[in-house]
Amino acid sequence: MLEVKGLRKVYRSGSREVEALRDLTFTVDNGDMVCLVGPSGCGKTTLLRCISGLLDPTGGDVRVNGKAVDGPPPGMAVVFQEYGRSLFPWMSVRDNVELPLKQKKVARSRRRELVDEALDAVGLTGTESAYPWQLSGGMQQRVAIARAVAYEPQTLLMDEPFAAVDAQTRADLEDLVRSLWKRLNVTILFVTHDIDESVYLGQRVVMLSSSPTVVQDELIIDLPAERDQLHTRADPRFVELRTRVYEQIQLAKKAAR
Amino acid sequence: MTSVRRGSPVRLGSPALLGAAGLAGLLLVIEMLPRLGLVDDRYLPPTSRIAAALADETGNPQFWASLGDTLVAWALGLAIAVGAGVLAGIVIGSIPVLRNLTASTVEFLRPIPSVALIPLAVLLYGTDIGSTLMLVCYAAFWQVFVQVLYGVADVDPVAYETARSFRFSAWARIRHVLWPTALPYVFTGVRLAASVALVLAITAELVIGAPGLGKEIAVAQASEAVPTMYALIVVTGILGVLINLLARTGERRLLAWHQSVRGEVAT
Ligand SMILES: Nc1ncnc2c1ncn2[C@@H]1O[C@H](COP(=O)(O)OP(=O)(O)O)[C@@H](O)[C@H]1O
Ligand SMILES: [Mg+2]
């Protein structure tokens with residue numbers, strides 16, 4: 004279980020202070036798929052960096068399976084928004100996916116299996132020896148997802164992973180994430196600024212206010228587990244849920260003024 | 262509309278051909294100037310006499326020994342400087358406290374011309390090869406060190422956080438993120454250092470009298486063997502060209518992936 008309690012983060016540079024997060028509390032159950040949705044600049048990346056132990060919070064705490072986070076916890080993988088910069092350009096696709104496994108001291112034969120499986124799962128079989136910069140943006144993000152999947156994390160954090168790819172690729176990648184989640188029994192916390200995306204992907208949506216950031220509302224997404232781009236998005240229940248999320252976000256914006 | 266052809270109708274050769282023609286022209290001018298009596302041939306002997314002196318030198322064991330001394334001082338000094346520069350650059354560059362602590366010291370030490378250290382070198386090593394080494398090391402070190410600092414500063418924060426999030430050890434972060442990023446900068450540093458090292462090697466030998474080509478130039482001048490002096494100067498020039506060529510080719514070969522990345526990004 005992932006618990007975020009009273010999380011606060013103030014960036015200080017010289018005398019300037021930016022309160023990126025004011026007071027955040029929410030939990031994500033093991034095996035759940037939760038979407039965090041909030042406007043740009045509301046501190047979503049800051050929150051993920053605190054959860055992944057890359058950044059020390061100013062106040063409050065983060066616990067993963069009861070253990071306080073103070074540095075990147077084991078069993079967690081992050082997919083960054085800037086996939087192009089997150090992959091190592093001096094390594095082939097295979098090496099990129101394999102390197103974290105080497106660091107985790109996974110045996111060679113098992114590494115091979117995991118890399119092959121992960122690349123197969125994201126539909127990139129055959130690109131093992133290519134370099135990341137030889138691939139399209141969507142394919143690069145697939146490599147980053149494969150790298151996270153091969154790592155066999157219990158918790159997967161994704162920071163607006165599809166914000167920079169075209170609409171068609173984005174729809175494909177959303178379905179990929181749903182299918183991976185169902186297959187791998189992994190806990191996913193998916194951050195986005197896109198309301199439709201959050202409703203389409205999540206079992207639950209946590210809405211953040213704009214800065215100073217608090218949790219505005221939470222919503223259970225009671226859509227069927229089998230979702231597809233065409234029918235789910237046209238489902239009256241989907242439209243209803245996305246309207247609810249939209250209203251809350253509008254409310255949060257008004258409250259901030 | 263057809264494009265207007267400008268310039269002379271004479272088809273000029275390739276740049277390499279032009280370069281060779283220019284060089285040949287220079288050699289011809291140097292041949293002619295003293296022969297026409299435009300300059301005193303005691304100061305500038307004609308090309309043919311310099312060439313003859315050069316041919317003589319190649320039969321002289323002392324010349325080869327001096328060339329060897331210069332090359333040893335150059336290579337050894339460069340190797341030490343590169344080793345120390347890379348190590349210091351990575352350590353200091355990746356620890357912000359150290360970087361800030363040393364910043365003003367570096368800014369003070371770096372601009373000191375190596376030649377200002379000649380008296381100190383003589384004091385420490387006399388006319389030994391050690392003097393040359395010290396000056397070469399000092400000058401070459403900064404070239405590498407500063408480039409490595411740039412390289413370390415160029416590490417992409419996202420790549421670095423990726424490595425951290427996958428729990429890479431400190432060593433693995435250096436090995437797999439910092440080093441590959443800094444490598445192109447290291448090569449630039451080595452290329453610059455290689456040229457500077459040669460300049461300093463010759464200077465030290467010339468001024469201090471440490472064994473090497475520089476000393477031979479001074480000896481030739483003192484014994485009024487002017488064509489020999491010019492021949493030796495030509496040799497140092499050729500050395501410089503060869504070193505530069507070697508460094509550039511090495512850089513291009515080893516950084517093939519890097520060039521391709523740049524190419525891809527540009528398109
Ligand atoms: N390293 C930093 N130093 C200072 N301010 C920062 C830093 N990172 C982010 N911020 C500020 O914190 C706020 C939240 O940023 P961020 O977490 O990136 O938001 P989001 O991911 O939701 O777009 C913004 O106002 C941003 O300017
Ligand atoms: Mg962000």
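Protein sequence lines, in the order shown, are assigned to chains A and B. The end of the first sequence is residue 260 by the working numbering, with every number in the run present. The end of the second sequence is residue 528 by the working numbering, with every number in the run present. C-beta: ideal position from N, C-alpha, C; glycine also. Keep in mind the model is a prediction, meaning the values are calculated, not measured.
Might you give, ordered along the chain, the residues of its own chain that have their beta carbon closer than 6 Å to the beta carbon of residue i, omitting 5 neighbours on each side?
{"i": "L192(A)", "result": "V31, V37, L160"}
{"i": "L122(A)", "result": "T128, A149"}
{"i": "D268(A)", "result": "Any answer about residue 268(A) is impossible in this case: the structure gives chain A only from 4 up to 260."}
{"i": "V72(A)", "result": "G56, V65"}
{"i": "I311(B)", "result": "P488, Y491, A492"}
{"i": "A527(B)", "result": "Note on A527(B): pLDDT 36, under 50, position unreliable in the model; no value is reported."}
{"i": "V125(A)", "result": "R145, I148, A149"}
{"i": "A420(B)", "result": "V438"}
Suppose the cutoff is 7 Å on Cβ atoms and the five residues either side in sequence are ignored; what does the same chain contact list for residue i look like?
{"i": "G354(B)", "result": "R360, V409, L410, V413, A414"}
{"i": "I494(B)", "result": "I478"}
{"i": "D330(B)", "result": "I390, P472, G473"}
{"i": "Q253(A)", "result": "none"}
{"i": "G524(B)", "result": "Only weak support exists for where G524(B) lies, its pLDDT of 47 falling under 50; the value from the coordinates is given anyway. Result list for G524(B): empty, nothing under 7 Å."}
{"i": "R294(A)", "result": "Here chain A has residues from 4 to 260 only, and residue 294(A) is not among them."}
{"i": "Y345(A)", "result": "No information on residue 345(A) is available, as it lies outside the stretch 4 to 260 that chain A covers here."}
{"i": "F427(B)", "result": "none"}
{"i": "A508(B)", "result": "V451, R452, A455"}
{"i": "Q62(A)", "result": "Checking the sequence, you will find Gly at residue 62(A) rather than Gln. The residues are G9, R11."}
{"i": "V226(B)", "result": "Since the displayed chain B opens at 262 and closes at 528, residue 226(B) lies outside it and no answer follows."}
{"i": "G34(A)", "result": "N188, T190"}
{"i": "A401(B)", "result": "G338, L339, A342, A454, V457, A458"}
{"i": "L500(B)", "result": "L459"}
{"i": "T388(B)", "result": "I469, G470, A471"}
Tell me, please, which residues DSSP counts as bridged to residue i.
{"i": "K8(A)", "result": "D64(A)"}
{"i": "C38(A)", "result": "F193(A), V208(A)"}
{"i": "V180(A)", "result": "According to DSSP, which records beta bridges pairwise, V180(A) is partnered with nothing at all."}
{"i": "F429(B)", "result": "Answer is none; F429(B) lacks a bridge partner."}
{"i": "D220(A)", "result": "M210(A)"}
{"i": "S277(A)", "result": "Outside the shown range of chain A (4 to 260) lies residue 277(A), about which nothing can therefore be said."}
{"i": "T158(A)", "result": "M79(A), T190(A)"}
{"i": "V96(A)", "result": "According to DSSP, V96(A) bridges with nothing at all."}
{"i": "K70(A)", "result": "V67(A)"}
{"i": "E250(A)", "result": "None, per the DSSP bridge assignment."}
{"i": "Y2(A)", "result": "The structure shown does not extend to residue 2(A), since chain A is modelled only from 4 to 260, so the question has no answer here."}
{"i": "D26(A)", "result": "V217(A)"}
{"i": "V31(A)", "result": "L5(A)"}
If contacts are defined as beta-carbon pairs under 8 Å, then residue i and residue j qualify, I think. What distance do you get, rounded to the angstrom?
{"i": "L51(A)", "j": "V209(A)", "result": "Going by Cβ atoms, the distance from L51(A) to V209(A) rounds to 13 Å, so no, they are not a contact pair."}
{"i": "P103(A)", "j": "Y154(A)", "result": "5 Å"}
{"i": "A147(A)", "j": "L90(A)", "result": "6 Å"}
{"i": "S212(A)", "j": "A255(A)", "result": "4 Å"}
{"i": "L339(B)", "j": "A483(B)", "result": "The pair is not a contact, with the Cβ atoms about 29 Å apart (cut-off 8 Å)."}
{"i": "S201(A)", "j": "V40(A)", "result": "4 Å"}
{"i": "R97(A)", "j": "S139(A)", "result": "Wrong, their Cβ atoms sit about 18 Å apart, outside the cutoff."}
{"i": "R114(A)", "j": "E101(A)", "result": "6 Å"}
{"i": "C398(B)", "j": "A342(B)", "result": "5 Å"}
{"i": "D162(A)", "j": "K47(A)", "result": "7 Å"}
{"i": "S43(A)", "j": "H196(A)", "result": "5 Å"}
{"i": "I351(B)", "j": "I435(B)", "result": "7 Å"}
{"i": "E22(A)", "j": "P156(A)", "result": "With 8 Å as the limit, E22(A) and P156(A) do not qualify as a contact, their Cβ atoms being about 30 Å apart."}
{"i": "T158(A)", "j": "T130(A)", "result": "Not a contact, Cβ separation roughly 27 Å."}
Leaving out the 5 sequence neighbours to the left and right, which residues in its chain are closer than 8 Å to residue i when beta-carbon positions are compared?
{"i": "G74(A)", "result": "G56"}
{"i": "V416(B)", "result": "V438, L439, T442, A443"}
{"i": "V217(B)", "result": "The structure shown does not extend to residue 217(B), since chain B is modelled only from 262 to 528, so the question has no answer here."}
{"i": "L385(B)", "result": "G391, S392, M395"}
{"i": "Y86(A)", "result": "G140, Q143, Q144, V146, A147, P164, A167"}
{"i": "N99(A)", "result": "L90, F91, P135, V146, R150"}
{"i": "P295(B)", "result": "D301, D302, L305, P306, P307"}
{"i": "L58(A)", "result": "K12, T49, R52"}
{"i": "P60(A)", "result": "L10, R11, K12, L24, C53"}
Closer than 6 Å to a non-hydrogen atom of ligand 4 - does that hold for the CB of residue i?
{"i": "T49(A)", "result": "This structure lacks ligand 4; its bound ligands are ligand 1 and ligand 2."}
If you measure beta-carbon to beta-carbon, which residues of the stretch 88 to 120 of chain A are closer than 7 Å to chain B? Answer in chain order: R88, S89, F91, P92, W93, L102, P103, Q106.
For the stretch 412 to 440 of chain B, list every residue whose C-beta sits within 9 Å of some C-beta in chain A, in sequence order. Those would be D417, P418, V419, A420, E422, T423, A424, R425, S426, F427, R428, F429, S430, A433, H437, V438, in chain order.
Looking at C-beta atoms only, is the number of pairs between the stretch 446 to 454 of chain B and the stretch 368 to 376 of chain B that lie closer than 8 Å three or more? The stretch 368 to 376 of chain B and the stretch 446 to 454 of chain B do not touch, with fewer than three beta-carbon pairs separated by less than 8 Å.
Chain-ordered residues of the stretch 58 to 81 of chain A with a beta carbon less than 8 Å from chain B: Within the stretch 58 to 81 of chain A, P75, P77, M79, A80, V81 place their CB atoms closer than 8 Å to a CB of chain B, listed in sequence order.
Mind the definition here: the stretch 448 to 464 of chain B touches the stretch 283 to 296 of chain B only if three or more C-beta pairs lie below 8 Å; say whether that holds. Short answer: they don't touch.
Interface residues of the stretch 152 to 174 of chain A facing chain B [CB-CB below 8 Å]: From the stretch 152 to 174 of chain A, only Y154 have a Cβ closer than 8 Å to chain B.
The stretch 176 to 191 of chain A contacting the stretch 6 to 14 of chain A, beta-carbon criterion three pairs below 8 Å: Contact fails between the stretch 176 to 191 of chain A and the stretch 6 to 14 of chain A, because fewer than three Cβ pairs, one in each stretch, are under 8 Å apart.
In chain order, what residues of the stretch 189 to 206 of chain A put their CB closer than 7 Å to some CB of chain B? Cβ contacts with chain B come from no residue of the stretch 189 to 206 of chain A.
Near-chain B residues of the stretch 124 to 144 of chain A (beta-carbon distance less than 8 Å), N- to C-terminal order: Hits within the stretch, in order: Y134, W136, Q137.
Closer than 7 Å, Cβ to Cβ, to anything on chain B: give me those residues from the stretch 29 to 53 of chain A, in chain order. From the stretch 29 to 53 of chain A, no residue has a Cβ closer than 7 Å to chain B.
Output needed in chain order: residues of the stretch 176 to 190 of chain A with a Cβ under 9 Å from some Cβ in chain B. Those residues of the stretch 176 to 190 of chain A that come within reach of chain B (Cβ to Cβ, closer than 9 Å) do not exist; the list is empty.
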